[in-house]
Amino acid sequence: MAQKLTLISHKLCPYVQRAVIALTEKGVPFERIDIDLGNKPDWFLKISPLGKVPVLVVASGDGEVALFESNVICEYIEDTQGGAKLHPQDPLKRAQHRAWMEFGSTILSELWGLETTGDPAIFESKRKAVAAKFAQVEKTLAAGPFFAGKDFSLVDAVFAPIFRYFDVFDQLTDLSVFADTPKVRAWRDALAQRPSVRTAVGPDYPQLLHAFLVRHNAHMLKLAA
Ligand SMILES: N[C@@H](CCC(=O)N[C@@H](CS)C(=O)NCC(=O)O)C(=O)O
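No gaps in the numbering here: position 13 of the sequence shown is 13 in UniProt numbering, and each next residue is one more.
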C-alpha cells in the first residue's frame with residue numbers, strides 16, 4: 001500500500017539528521033517539516049509523546065501513525081524501505097550495530113551541561129567524558145572507510161551528525177575530543193564527504209549552530225557572535 005512519510009524536524013538536531021541520512025541513503029521520498037522547538041505547535045505536541053523531534057508520520061490507507069525515537073525510526077525505515085541495506089544480515093553483527101547506535105546517543109547526552117556551562121570544571125569533566133567515549137569507539141574501528149568496512153550502515157547514519165556537531169563545536173571552543181583518536185578522525189572525515197550526510201546536515205550548519213550556541217549563552221565560545 002502506498003505510504004507517505006513526513007519527518008518532523010529541527011535543522012540542528014543530530015537525531016533528526018540520522019533519520020534524514022537513512023531515508024536519503026535508501027532514496028526514499030519524504031517531506032521534512034521544521035518546527036520551532038522554542039514554541040512547539042499544538043499539533044506537534046499531540047503526536048510527540050516527549051515533545052521531541054524527530055517524529056516520522058507514516059500515512060497510508062489505514063490512517064496515520066506517528067513514530068518517535070530516532071533509532072526506532074531508522075529501524076522502521078530499514079525494515080520497510082527498499083534501496084541499500086543499512087544493517088548487516090548476520091543477527092549477531094546486527095545486534096552489535098544496534099548497540100553502537102545506542103552508544104552514539106549516549107555521546108550526545110553528554111552535551112547536556114557542556115553546551116552552555118560557564119563553569120570550566122563542568123566543561124572539562126564533560127569534555128573528558130566525550131573524549132573517553134570516542135576512545136571507546138576508536139577501539140572498535142577496523143579498516144574503514146565506514147564503521148563496518150566498505151558498506152555504509154545505520155551506525156554511520158547515527159555517528160555522522162554526532163561528528164559534525166562536535167567538529168563544529170570544536171572549532172568554536174577548545175574541545176579537542178578527537179585529538180587521540182586517529183581512526184575516529186578518518187571515519188569522521190569519510191562521513192563528512194558522503195552526499196546523504198551533506199544533505200542531512202546542510203552547508204549552513206556551522207553558522208546555524210554557532211548562532212544557536214550564542215543564543216543559548218554558550219559561555220565557552222572562542223568567537224564572538
Ligand atoms: N531520544 C530521542 C532524543 C531526541 C531529542 O532529544 N531531540 C531534541 C532536539 S535535538 C528535542 O526535540 N528537544 C526538544 C525538547 O526536549 O523540548 C531520539 O533519539 O529521538
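Ideal placement from N, C-alpha and C gives every residue a C-beta, glycine not left out.
Shortest alpha-carbon distance to residue i belongs to which of the options?
i, options, result
"Thr116", "His219, Leu7, Ser9, Phe146", "His219"
"Ile47", "Glu64, Val28, Val201, Ile73", "Glu64"
"Glu142", "Phe163, Leu154, Leu175, Ala186", "First, the residue type needs correcting, since residue 142 is Ala and not Glu in the sequence shown. That would be Ala186, whose Cα lies nearest to the Cα of Ala142."
"Lys150", "Val53, Val20, Glu75, Ala190", "Ala190"
"Trp112", "Ala148, Arg215, Phe123", "Phe123"
"Leu7", "Asp79, Gly38, Phe68", "Phe68"
"Ala132", "Val155, Leu108, Phe152, Pro120", "Leu108"
"Ile33", "Asp167, Phe103, Leu56", "Leu56"
"residue 226", "Lys85, Val53, Cys13", "Lying before the first or after the last residue shown, residue 226 is absent from the chain, which here runs from 1 to 225."
"Ile73", "Met101, Gln89, Pro91", "Met101"
"Gly118", "Leu213, Cys13, Ala2", "Leu213"
"Ala211", "Arg188, Ser176, Leu172, Pro182", "Leu172"
"Lys11", "Arg164, Gly83, Tyr76", "Arg164"
Taking the straight line between their C-alpha atoms, what separation do you get for residue i and residue j?
i, j, result
"Pro145", "His87", "16 angstroms"
"Asp180", "Arg127", "13 angstroms"
"Lys40", "Gly51", "8 angstroms"
"Lys26", "Lys4", "15 angstroms"
"Val184", "Gly61", "44 angstroms"
"Ala129", "Glu110", "7 angstroms"
"Gly202", "Ile162", "14 angstroms"
"Arg198", "Arg18", "12 angstroms"
"Val137", "Gln81", "29 angstroms"
Secondary structure at residue i, three-state DSSP: helix, strand or coil?
i, result
"Leu111", "coil"
"Ser105", "helix"
"Leu92", "helix"
"Ala84", "coil"
"Ala66", "strand"
"Val177", "coil"
"Lys52", "coil"
"Leu37", "coil"
"His219", "coil"
Under DSSP, the alpha helix (DSSP H) around residue i begins and ends at which residues?
i, result
"Arg198", "195–201"
"Ser125", "120–140"
"Ser70", "70–80"
"Asp42", "42–47"
"Val214", "205–215"
"Lys26", "14–26"
Looking at the unbroken beta strand (DSSP E) that takes in residue i, where does it start and where does it end?
i, result
"Thr6", "4–9"
"Val55", "55–60"
"Asp34", "31–34"
query = Can you give, in chain order, each stretch of the alpha helix (DSSP H) that sits fully within the stretch 136–175 and has at least 4 residues?
reply = Entirely contained in the stretch 136–175, the alpha helix (DSSP H) runs reaching 4 residues are, in chain order, 154–172.
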